[in-house]
Amino acid sequence: SCLVIILVDVWSPYPFSFQLAVFLSVTNSPYPQLNRDDAEKCFFDPASDDVQLFPSLTDAPSVELSVIVPAYEEEKRLPAMLDECLRYLEARCKSEEGFTYEVIVVDDGSSDRTTEIGRKYSKNYGTAKVRVLTLLENRGKGGAVTMVRARGR
Numbered sequence: 029s030c031l032v033i034i035l036v037d038v039w040s041p042y043p044f045s046f047q048l049a050v051f052l053s054v055t056n057s058p059y060p061q062l063n064r065d066d067a068e069k070c071f072f073d074p075a076s077d078d079v080q081l082f083p084s085l086t087d088a089p090s091v092e093l094s095v096i097v098p099a100y101e102e103e104k105r106l107p108a109m110l111d112e113c114l115r116y117l118e119a120r121c122k123s124e125e126g127f128t129y130e131v132i133v134v135d136d137g138s139s140d141r142t143t144e145i146g147r148k149y150s151k152n153y154g155t156a157k158v159r160v161l162t163l164l165e166n167r168g169k170g171g172a173v174t175m176v177r178a179r180g181r
């Protein structure tokens, strides 16, 4: 990677003009540089009572479909949404040979029980199908809708 500095003269109607410096960082990687806390690279597996690493963005896809569920303070609405979503996905697995999926609930720094609700579904369906990514602080919907941890094609 390298740093590019561009100086631009800006004309002004006032007795002075100034230069504007624009800094661009150029990288040769097709993947974005995302700085995440180490805790945000893992998910809790209720079956083994252990913490597992999410796959890397560079890992090969291992499921057909990834469903990312951004959730902030969704303790009350999350169960109904996950029930309907998982009912559909399970029916599709039974009717379509080779179909696989994962659901990643991304708790965007909630102070309620959003993570615990998601983990309940992880325990019931297994972490191969439902995982919970808990962000340490609220990043907003754009920060929560992350494909970096997804395994789908």
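Using the working numbering, you'd call the opening residue of the sequence shown number 29 and step up by one each time. Just so you know, even glycine gets a beta-carbon here, dropped at the ideal spot from N, CA and C.
Counting along the chain, residue 129 sits inside the beta strand (DSSP E) bounded by residues 129-136. Annotation for residue 98: the continuous beta strand (DSSP E) segment containing it runs 93-99.
Counting the other CB atoms within 10 Å of its CB gives residue 105 a total below 16, which places it among the exposed residues. In this structure, residue 140 lies near residue 103, with their beta-carbon atoms less than 8 Å apart.
Taking all protein chains in view, the Cβ of residue 90 is surrounded by fewer than 16 other Cβ atoms within 10 Å, so the residue is classified as exposed. If you draw a 10 Å sphere on the C-beta of residue 79, you find fewer than 16 other C-beta atoms in it, and that means exposed. Residue 70 has its alpha-carbon roughly 32 Å from the corresponding atom of residue 123. Shown here, residue 115 sits in a helix according to DSSP, grouped into three states. In this structure residue 162 is buried. Its beta-carbon is surrounded by 16 or more other beta-carbon atoms within 10 angstroms. Rounded to the nearest whole angstrom, the CA to CA distance from residue 107 to residue 144 is 11 Å. For residue 159, the uninterrupted beta strand (DSSP E) run begins and ends at 158-163, by DSSP. Judged by DSSP in its simplified three-state form, residue 73 adopts strand.
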